[in-house]
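Visitor:
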Amino acid sequence: GDSVTQMEGPVTLSEEAFLTINCTYTATGYPSLFWYVQYPGEGLQLLLKATKADDKGSNKGFEATYRKETTSFHLEKGSVQVSDSAVYFCALSVTSGYALNFGKGTSLLVTP
Amino acid sequence: GAGVSQSPSNKVTEKGKDVELRCDPISGHTALYWYRQSLGQGLEFLIYFQGNSAPDKSGLPSDRFSAERTGGSVSTLTIQRTQQEDSAVYLCASRFDRGEYYGYTFGSGTRLTVV
């Protein structure tokens, strides 16, 4: 079945460090791919998405490129801030009619 | 409203009691989803409503779980005879469709604690 695998956390980085959170997927069709973020005490927010191969989603300094050849959608940010501390979820949707399939989430802690 | 509203935000119940969790989706959104977020388990899909179609109940973990959506808007997730393993955050999401472009908006969730 369709699934998402993302690296396990927690990830601890110093402020201004480079961030990569790996995400790979398995899907029978051509999924749309998403990154959601959950800040402490808040609900899930869409961070970025990509709907087809080679698309790059970007938002708030975060980027992810939809790589069909490696079935990946890794999240990157060049310089993290303390305010980026949150749990990040990779997700896919095979078609707009189906529910999102989520990875287990990666907790990120950025220290000053 | 501006977002997906869930109530209550927190619920503590005794084992064996029934609970009802409510979701008010964004007006005009076409679909509604329920997820469960357990510690260390990520988000687990429970059930999905799309228009007047029969709901997709494939994610419900047992027959103690049920959900309905009245008038194509408000949804209620009911858990009967709650067990301690039902303790989790229950998230509701609604989806809009604009042709090939679609997106999901999540509520802040209901934190259920079964004691």
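Those sequence lines, one after another, are chains L and P.
Just so you know, we're using the working numbering here: the first sequence kicks off at 142 and counts up by one.
Just so you know, we're using the working numbering here: the second sequence kicks off at 28 and counts up by one.
Don't be surprised by glycine CBs; every beta carbon is placed ideally from N, CA and C.
This one's a predicted model, so the numbers in the text were calculated from it and none came from an experiment.
1. Can you find the residues in the same chain that come closer than 6 Å, C-beta to C-beta, to P:D124, ignoring five residues on each side of it along the sequence?
2. In chain order, what residues of the same chain lie with their CB nearer than 7 Å to the CB of L:D196, ignoring the 5 residues before and after it?
3. Is L:D195 helix, strand or coil by DSSP?
4. When the cut-off is 8 Å and only beta carbons count, does P:S135 lie next to chain L?
5. Would you call the CB atoms of L:L241 and L:W176 closer than 8 Å?
6. Quick one: does P:Q68 have its CB under 8 Å from some CB of chain C?
7. Taking only beta-carbon positions, decide if P:G55 is within less than 8 Å of chain L.
8. Expressed to the nearest angstrom, what Euclidean distance is found between the alpha-carbon atoms of L:G198 and L:A205?
9. Which residues does DSSP list as the beta-bridge partners of L:D143?
10. Consider the Cβ of P:L87: report whether some Cβ of chain L lies at a distance smaller than 8 Å.
11. Buried or exposed: P:K42, going by 16 or more other Cβ atoms within 10 Å of its Cβ?
12. So what does DSSP say about L:Q179, is it helix, strand or coil?
13. Inspect the CB distances between the region 36 to 52 of chain P and the region 87 to 103 of chain P and report whether three or more fall short of 8 Å.
14. My output table needs one value for L:Q222: the three-state DSSP class, helix, strand or coil.
15. Going by alpha carbons, who is nearest to P:A94 out of P:R138, P:S36, P:Q64 and P:Y117?
16. What is the DSSP secondary structure of L:E217, reduced to helix, strand or coil?
17. Can you list, in chain order, the residues of its chain whose CB lies under 6 Å from that of P:S34, leaving out five sequence neighbours each side?
18. Return yes when the Cβ of P:T109 is within less than 8 Å of the Cβ of P:V46, no when it is not.
19. Skipping 5 residues on each side, what residues in its chain have a beta carbon closer than 7 Å to that of P:Q77?
20. Nearest to L:P253 by alpha carbon, out of L:A227, L:C231, L:V221 and L:F243?
21. Which chain L residues are close to P:G130, counting only those with a beta carbon under 7 Å from its beta carbon?
Guide: On the basis of the data shown:
1. Excluding positions up to five away in sequence, the list reads T57.
2. Y207, listed in sequence order.
3. Three-state result, L:D195: coil.
4. Yes, P:S135 counts as interfacial toward chain L.
5. With respect to the 8 Å criterion, L:L241 and L:W176 are not classified as neighbours on the basis of their beta carbons.
6. Chain labels in this structure do not include chain C; the protein chains are L and P.
7. So, not an interface residue.
8. Cα to Cα, the separation comes out at about 5 Å.
9. In the DSSP output, where bridge partners are listed per residue, L:D143 has none listed.
10. Using beta-carbon distances, P:L87 does not count as an interface residue toward chain L, since no partner is under 8 Å.
11. Exposed: under 16 other Cβ atoms inside 10 Å.
12. Three-state result, L:Q179: strand.
13. Yes: at least three Cβ pairs fall under 8 Å.
14. Residue state, collapsed to three classes: coil.
15. Considering only alpha carbons, the answer is P:Y117.
16. Here L:E217 sits in strand by DSSP.
17. Result list for P:S34: R49, in chain order.
18. Cβ distance < 8 Å, so P:V46 and P:T109 count as in contact.
19. Within the same chain, Cβ atoms closer than 7 Å to the Cβ of P:Q77 are found at T57 and A58, the five residues on either side in sequence being excluded.
20. Nearest option by C-alpha distance: L:V221.
21. Identification of chain L residues near P:G130 by a Cβ-Cβ cut-off of 7 Å yields L187, ordered along the chain.
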